[in-house]
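As structure tokens, the structure follows; a few thoughts come after it.
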Amino acid sequence: EAQVTQNPRYLITVTGKKLTVTCSQNMNHEYMSWYRQDPGLGLRQIYYSMNVEVTDKGDVPEGYKVSRKEKRNFPLILESPSPNQTSLYFCASSDRGRKNIQYFGAGTRLSVL
Amino acid sequence: GNSVTQMEGPVTLSEEAFLTINCTYTATGYPSLFWYVQYPGEGLQLLLKATKADDKGSNKGFEATYRKETTSFHLEKGSVQVSDSAVYFCALSDRTQGGSEKLVFGKGTKLTVNP
């Protein structure tokens, strides 16, 4: 089954404690992206990657890092989380030729205390 | 940059009612337009799309027509069901600073359909 898998689905942490949210896709997609979803703001893109070792900033990259060492994986790293990063996070992937038809993971709800 | 404005929710309807969710956009050029749907506890999934003016996207009884003259892409369904309860996002394609394409989403409209 084609899917985008995020882990964990729920996470509560404290300010400053480094964390990683993993994202994996099994569709051999080149393009992957991270979004955060906040009430009244919709989805905003954090980072995206067009292929292995190629990443770039989205609209709200501050406080986040990503890496793309393998095609299927695109982890999101919060080196020093802060309460304003409490949000619902989505990973998405798409085929290079159809970048705007994105397949989303089920989401990771993060609370930073 | 390009942007999307969709009607504020929440929207509450009875089963079999007619649904319209308004979406207008601001864009340079001719973006592709999309409706994504997010069911409770799930990620977004593509509902329908249109790539040029006057195109009509349709899926699962939902329709939306790309209207260049009014810069709109309103979502409609003639008879909603309880299972249509979800959050609906209008989106358009845009260019990133790096020259790649990305999606720009509206804020979402929550629809609740009561039996």
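Protein chains in written order, with my numbering: chain Z, 1274 to 1386; chain S, 2 to 116.
Each residue gets a CB set at the ideal place from its N, CA and C atoms; glycine is no exception.
Asked: What do you get for Lys53(S), buried or exposed, if any count of 16 or more other CB atoms within 10 angstroms of its CB means buried?; Found: exposed
Asked: Between the region 6-16 of chain S and the region 1363-1371 of chain Z, do at least 3 Cβ pairs fall closer than 8 Å?; Found: no
Asked: Using 8 Å for Cβ pairs, my map puts Ser73(S) next to Cys24(S). What's the rounded Cβ distance?; Found: 6 Å
Asked: Only counting the same chain, and skipping five residues up and downstream in sequence, which positions put a Cβ closer than 6 Å to that of Thr27(S)?; Found: Ser4
Asked: Would a check of beta-carbon distances place Ser1404(Z) closer than 9 Å to chain S?; Found: Past the edges of chain Z, shown from 1274 to 1386, lies residue 1404(Z), and the structure says nothing about it.
Asked: If we call anything under 9 Å between Cβ atoms a contact, is Leu34(S) one with Lys50(S)?; Found: yes
Asked: From the DSSP output, which residues share a beta bridge with Gln1279(Z)?; Found: Cys1296(Z)
Asked: May I ask you to list the residues that DSSP assigns as paired with Ala51(S)?; Found: Leu34(S)
Asked: Taking all protein chains shown into account, decide if Asn1301(Z) is buried (16 or more other Cβ within 10 angstroms of its Cβ) or exposed.; Found: exposed
Asked: Run down chain Z in chain order and give the residues with a C-beta less than 7 Å from the C-beta of Phe106(S).; Found: Gly1315 and Leu1316
Asked: In angstroms with no decimal places, state the Cα-to-Cα distance between Gln7(S) and Gly1315(Z).; Found: 11 Å
Asked: In terms of residue numbering, what span does the beta strand (DSSP E) encompassing Asn1324(Z) cover?; Found: Gly1315 to Asn1324
Asked: Do the region 104-115 of chain S and the region 52-69 of chain S make contact, defined as three or more Cβ pairs closer than 8 Å?; Found: no
Asked: Which residues, in order along the region 35-47 of chain S, keep a beta-carbon less than 9 Å from a beta-carbon of chain Z?; Found: Phe35, Tyr37, Gln39, Gly42, Glu43, Gly44, Leu45, Gln46 and Leu47
Asked: What three-state label does DSSP hand Gly107(S) in the structure shown?; Found: coil
Asked: List the residues of chain Z whose Cβ lies closer than 8 Å to the Cβ of Phe90(S), in chain order.; Found: Gly1315 and Leu1316
Asked: Chain Z partners of Gly109(S), CB-CB under 7 Å?; Found: Gly1315
Asked: Compute the Euclidean distance between the alpha carbons of Pro1334(Z) and Phe90(S), then round it to the nearest angstrom.; Found: 22 Å
Asked: In this structure, how does DSSP classify Arg1309(Z) when only helix, strand and coil are distinguished?; Found: strand
Asked: Mind pulling the chain Z residues with CB within less than 9 Å of Ser33(S)?; Found: Asn1373
Asked: On the premise that Gln1279(Z) lies in contact with Thr1381(Z), defined as a C-beta separation below 8 Å, what is that separation, rounded to the nearest angstrom?; Found: 5 Å
Asked: Name the chain S residues whose beta carbon is nearer than 9 Å to that of Tyr1362(Z)?; Found: Those within 9 Å of Tyr1362(Z) in chain S number zero; the least Cβ separation is about 10 Å.
Asked: Have a look at the DSSP bridge pairing and note the partners of Gly10(S).; Found: Partner(s): none; Gly10(S) has no beta bridge.
Asked: Please check the pair Asp1329(Z) and Tyr1337(Z), which I expect to be a contact at CB under 8 Å, by giving their CB distance rounded to whole angstroms.; Found: The Cβ separation is near 12 Å, so there is no contact.
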